[in-house]
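Q: This is the structure, below, for whatever I ask next.
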Amino acid sequence: MEVAYYIEYLLPLLFFIVAFVYSSVGMGGGSSYTAIMVIASMSSLAIPIISLSLNLFVTTIGSYNYLRNKHGKLRIILPFLLSAIPFAYVGGALQLPKEMFLWILLASLILVAMRIYFWKDTGFRWQLNRQRKIVISLFLGSILGLIAGIVGIGGGVYLVPLIIMLNLGTQKEAAAAGTVFVWVVSLSGLVSRLQYNSINLLEYTPLIIAVMIGGFLGSYMGSFKFSPKTMEKTLGIIIIMAIVLLIKKIIV
């Protein structure tokens, strides 16, 4: 089937579901958007741009919902952003071969799945002083920013539990920080990529509308009603399906 068919009929539904689930736990959905577009045989140059753009739409709405309910804390997110912004810009400037892009994406998805299914004990806390927490936050921000720029993954799925384990905030505060983080690094990576490649986002209007609606509903339900653990299990199923299909895509 042609890419136009996917964009018009199938992808909007899939992206709505992804945006709903991800935004309910403070994430943008970039990992799954990217994987789905790879499976749909879309251009590897266009995929990160589209994914980062969709991240922006979802997390704009999510940030509003979480910040409106006073879950956002600047002291939590600022150290991560200080290092993530320049590294996301650098990652966006890298022009990787398609094969390397696919392998980096696959590795990042596997890490997401491992985080969800094997790193369950977010009740564990690192006992660190403030200075060490800042150093670790800067280091982690640089890594997540670089990945965001390269493959279009915002990094919220890694950041949220790390914030909790570093004793930086509550579950809701971590989700709010994750949403804001994804928004900022997505913008940085997107600005960088648009200097080297450009696409007509109007062609992807159905996807934008789908993620905006899904993102609004998911973040609203996440900030008020849904259990983060329940939504993470749903997220895990989506990630595993994406991994299986991506492996098949790479092998074939």
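Note that this note's numbering gives residue 263 to position 245 of the sequence shown, counting from 1, and the numbers run on in steps of one.
Positions of the beta carbon are idealized from the N, C-alpha and C atoms, including for glycine.
Should F142 go down as buried or exposed, given a rule of 16 or more other Cβ atoms within 10 Å for buried?
A: Translated into the one-based positions of the sequence shown, residue 142 becomes position 124. Here the model assigns F142 a pLDDT of 48, short of 50, so the residue's position is not dependable, and the following value carries that caveat. The residue in question, F142, is exposed, as its Cβ has fewer than 16 Cβ neighbours within 10 Å.
Q: Leaving out the 5 sequence neighbours to the left and right, which residues in its chain are closer than 8 Å to L263 when beta-carbon positions are compared?
A: What you label residue 263 is simply residue 245 of the sequence shown in a count that begins at 1. Around L263: A53 and I57.
Q: Which of the three DSSP states is assigned to T252 in this structure?
A: Residue 252 sits at position 234 when you count from the first residue of the sequence shown. In the structure shown, T252 sits in a helix (DSSP, three-state: H, G or I).
Q: Please classify I188: is it buried, with 16 or more other beta-carbons within 10 angstroms of its beta-carbon, or exposed?
A: Counting from one through the sequence shown, the residue named residue 188 turns up at place 170. Residue identity differs from the one stated: residue 188 is Thr in this sequence, not Ile. T188 comes out exposed.
Q: For a quick check, are the C-beta atoms of I226 and V36 less than 8 Å apart?
A: To locate residue 226, count along the sequence shown from 1; it is residue 208. To locate residue 36, count along the sequence shown from 1; it is residue 18. No.
Q: For the region 158-175 against the region 196-207, are there 3 or more C-beta pairs whose distance is under 8 Å?
A: Touching, yes.
Q: Helix or strand or just coil, what does DSSP make of S49?
A: Here the question's residue 49 lines up with position 31 in the sequence shown. Reduced to three states, the DSSP call for S49 is helix.
Q: Is the beta carbon of I269 closer than 8 Å to that of L127?
A: For this step, residue 127 is matched to residue 109 along the sequence shown. For this step, residue 269 is matched to residue 251 along the sequence shown. Cβ distance not < 8 Å, so L127 and I269 don't count as in contact.
Q: Does the ligand ZN have a heavy atom nearer than 7 Å to the CB of I94?
A: The model depicted lacks the ligand ZN and carries no ligand whatsoever.
Q: Can the beta-carbon of S101 be found closer than 8 Å to that of L156?
A: Stepping through the sequence shown from its first residue, residue 101 is reached at position 83. Stepping through the sequence shown from its first residue, residue 156 is reached at position 138. Their beta carbons are under 8 Å apart, which means S101 touches L156 by this criterion.
Q: What is the DSSP secondary structure of N147, counted as helix, strand or coil?
A: Position 129 of the sequence shown, counted from the first residue, corresponds to residue 147. The answer is coil: DSSP assigns N147 none of H, G, I, E or B.
Q: Less than 8 Å between the C-beta atoms of L208 and G48, yes or no?
A: The sequence position of residue 208 within the sequence shown is 190, counting from 1. The sequence position of residue 48 within the sequence shown is 30, counting from 1. Cβ distance not < 8 Å, so L208 and G48 don't count as in contact.
Q: Could you give the C-beta distance for V203 and I103, rounded to a whole number, given that I count them as a contact under 8 Å?
A: Position 185 of the sequence shown, counting from 1, holds the residue named residue 203. Position 85 of the sequence shown, counting from 1, holds the residue named residue 103. So it is a contact: roughly 7 Å between Cβ atoms.
Q: Less than 8 Å between the C-beta atoms of I231 and F75, yes or no?
A: Along the sequence shown, read from residue 1 onward, the residue named residue 231 stands at position 213. Along the sequence shown, read from residue 1 onward, the residue named residue 75 stands at position 57. In this structure, F75 does not lie closer than 8 Å to I231 by Cβ.
Q: Between the Cα of M259 and the Cα atoms of L92, L124 and R93, which residue gives the shortest distance?
A: Locating residue 259 in the sequence shown gives position 241, counting from the first residue. Of L92, L124 and R93, the residue nearest in Cα terms is L124.
Q: Helix, strand or coil, according to DSSP, for T197 in the structure here?
A: Walking along the sequence shown from the start, residue 197 turns up at place 179. Helix.
Q: Whose C-beta lies closer than 8 Å to the C-beta of G254 among residues of the same chain, with five residues either side of it excluded?
A: If you number the sequence shown from 1, residue 254 lands on position 236. Taken in chain order, the residues that qualify are A131, I134 and Y135.
Q: Only counting the same chain, and skipping five residues up and downstream in sequence, which positions put a Cβ closer than 6 Å to that of L186?
A: The sequence position of residue 186 within the sequence shown is 168, counting from 1. Counting only Cβ-Cβ distances below 6 Å, and skipping sequence neighbours, we find I94.
Q: Nearest to G167 by CA position, among T77, Y107 and T223, is which residue?
A: Position 149 of the sequence shown, counted from the first residue, corresponds to residue 167. Ranking T77, Y107 and T223 by Cα distance to G167 puts Y107 first.
Q: Evaluate Y27 with the Cβ neighbour count: other Cβ atoms within 10 Å of its Cβ, from every protein chain shown; 16 or more gives buried, anything less gives exposed.
A: Here residue 27 corresponds to residue number 9 of the sequence shown, with the count starting at 1. Exposed, because fewer than 16 other Cβ atoms sit within 10 Å of the Cβ of Y27.
Q: Are the CB atoms of S216 and G80 within a distance shorter than 8 Å?
A: Translated into positions along the sequence shown, residue 80 becomes position 62. Translated into positions along the sequence shown, residue 216 becomes position 198. It is not a contact, given that the beta carbons lie outside the stated cut-off.
Q: Short of 6 Å in beta carbon distance, which residues of its chain neighbour I65, apart from the five on each side in sequence? Order them along the chain.
A: As a first step, residue 65 must be located in the sequence shown, where it is residue number 47. Once the five neighbours on either side are set aside, the close Cβ partners of I65 are T52 and M55.
Q: Going by Cα to Cα distance, which pick from I68, Y214, L99 and K251 is closest to L114?
A: For the purposes of this step, residue 114 is taken as the residue at position 96 of the sequence shown. Nearest option by C-alpha distance: Y214.
Q: Alpha carbon to alpha carbon, how far is L212 from S50?
A: Position 194 of the sequence shown, counting from 1, holds the residue named residue 212. Position 32 of the sequence shown, counting from 1, holds the residue named residue 50. Rounded to whole angstroms, L212 to S50 spans 21 Å at the Cα level.
Q: Expressed to the nearest angstrom, what Euclidean distance is found between the alpha-carbon atoms of I161 and I181?
A: Numbered from 1 along the sequence shown, position 143 holds the residue referred to as residue 161. Numbered from 1 along the sequence shown, position 163 holds the residue referred to as residue 181. When rounded, the distance between both Cα atoms is 15 Å.
Q: Tell me which residues share the same chain as I165 and place their Cβ nearer than 8 Å to its Cβ, disregarding the 5 neighbours each side in the sequence.
A: Within the sequence shown, numbered from 1, the residue matching residue 165 stands at position 147. Contacts found: G109, I122, S126, I171 and G173.
Q: Just to confirm before moving on: does the CB-CB distance between L184 and I154 stay below 8 Å?
A: Here residue 184 corresponds to residue number 166 of the sequence shown, with the count starting at 1. Here residue 154 corresponds to residue number 136 of the sequence shown, with the count starting at 1. It is a contact, given that the beta carbons lie within the stated cut-off.
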